[in-house]
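Report on the following structure.
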Amino acid sequence: MRVFLLLFFVLVSKTLAVPPIDVQEEAVFDTDQVVLDEPAAEEEVVVVEEQTVGANPVQVETDDFEEPEETVEEVVAENPCLNHYCKHGKVCEVDENNMPMCVCQDPSTCPTATGEFEHVCGNDNKTYDSSCHFFATKCTLEGTKKGHKLHLDYIGPCKYIPPCMDNELSEFPFRMRDWLKNVLVTMFERDEENNLLTEKQKLRVKKIFENEKRLSAGDHSIDLLTLDFVKNYNMYIFPVHWQFGQLDQHPVDGYLSHTELAPLRAPLIPMEHCTTRFFTECDTDSDRYIALEEWAACFGIKEQDIDKNLVI
Ligand SMILES: *[C@@H]1O[C@H](CO)[C@@H](O)[C@H](O)[C@H]1NC(C)=O
Ligand SMILES: [Ca+2]
Ligand SMILES: [Ca+2]
């Protein structure tokens, strides 16, 4: 409903790199400000990975920590940390051999959060001032069971999230599917010069765009959405595949990990209380990954319409 509309503006405005539509919305939903991506295994990645939706690492400039030294000669060797990328929660420091290394960031060195919207809630149901504070804390727990289990659950301070009832759960995919379709159509409408969609994708979206029976963007009753899904089922196949491809990036393997799902999940949870249950149940074989087949089934796409070629 409204929630999807807001999230929709954010994703679209982000993708199209236009200024935020509304400052307040941006403030609440701008996932750029919050780190959701949690590159797991690798300690020190030199090449910065391609950015996915909402994965803009908030990094502290290492310069901030250096004492200005008056006595240093004019010829200052290039800072070895300059191009050294550390994962969230770590910062680069130079060892005695002038080699860069990543060490846990002291949470107290994180920029002070300027508002509630910067707070994040961990799966320990503890509110952290910002994602920087969260990942710095997680880093200090590295190697412990507690640290391993700790994840960023959602954006915003921890709050009471009411249990998701069965009837509410069944309505969730209808709203989300409709929303996905509208995101794509809006991208298509605005995608004049930037080539966000490939030619093939554009053709598919064009069909949806030109479909006169299409529901206009906005809030619709579940009855209407249900009817539309039955009547215009074919319009929904591509958007569901497309969103999967957007999330399946690290690595591109046909499975969504918890981390890959985070850019979609984290801003949604505080507003749509069925989000967690929906994605948990989506993983029907409980292997903690959502495969394309599982994803498509969750959104009511028939088995014979699942097509890996639609994902890219
Ligand atoms: C999490 O914390 C919030 C706010 O402190 C509280 O209202 C809520 O009941 C807690 N949830 C759980 C599951 O303990
Ligand atoms: Ca993946
Ligand atoms: Ca699975």
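Numbered according to mature numbering (1 follows the signal peptide of the UniProt record, and there is no 0), the sequence shown spans residues -17 to -1, 1 to 295. Note that CB positions come from ideal geometry on N, CA and C, so glycine has one too.
Query	Result
Restricting to Cα atoms, I'd like to know which of C281, Y111 and T258 is closest to D266.	C281
Please specify which runs of the beta strand (DSSP E), each continuous and at least 3 residues long, are wholly inside the segment 72 to 113, giving them in chain order.	73 to 77, 83 to 87 and 103 to 105
For a quick check, are the C-beta atoms of C87 and C115 less than 7 Å apart?	no
For the segment 140 to 156 and the segment 185 to 204, state whether three or more C-beta atom pairs, one from each stretch, are separated by less than 8 Å.	no
For ligand 3, I want to know if A96 counts as a neighbour, meaning its beta carbon is within less than 6 Å of at least one of the ligand's heavy atoms.	no
Along the chain, where does the alpha helix (DSSP H) that runs through I138 open and close?	Run containing I138: none in the alpha helix (DSSP H); it sits in the beta strand (DSSP E), L135 to I138.
Is Y143 close to ligand 1? I mean its beta-carbon at under 6 Å from any heavy atom of the ligand.	yes
With a 10 Å radius around its C-beta and 16 neighbouring C-beta atoms as the bar for buried, classify S199 as buried or exposed.	exposed
Hey, would you say C85 sits closer than 7 Å to T110, going by beta carbons?	no
Determine, using beta carbons only, whether C104 and G72 come nearer to each other than 7 Å.	no
Below 8 Å on the Cβ atoms is my contact criterion, and I expect K183 with F171 to pass it. Report the Cβ-Cβ distance as a whole number of Å.	Contact flag wrong, Cβ pair sits at about 13 Å.
For L163, I'd like the list of residues in its chain whose CB is within less than 6 Å of its CB, leaving aside the five on either flank, ordered along the chain.	P222 and Q226
With hydrogens ignored, establish whether the beta-carbon of A274 is closer than 6 Å to any heavy atom of ligand 3.	yes
Closer than 6 Å to a non-hydrogen atom of ligand 1 - does that hold for the CB of N108?	yes
Kindly indicate which three-state DSSP category A24 falls into: helix, strand or coil?	The pLDDT assigned to A24 is 46, lower than 50, so where the model puts this residue is not dependable, and the model offers no usable value.
Does the beta-carbon of residue 343, which I'm using as the reference point, lie nearer than 6 Å to any heavy atom of ligand 3?	Because residue 343 is not part of the residues shown, which for the chain are -17 to 295, the question remains open.
Go ahead and label P246 buried or exposed: buried means 16 or more other beta carbons lie within 10 angstroms of its beta carbon, across all protein chains shown.	buried
With DSSP as the reference, identify every bridge partner of I273, one or two as the case may be.	L239
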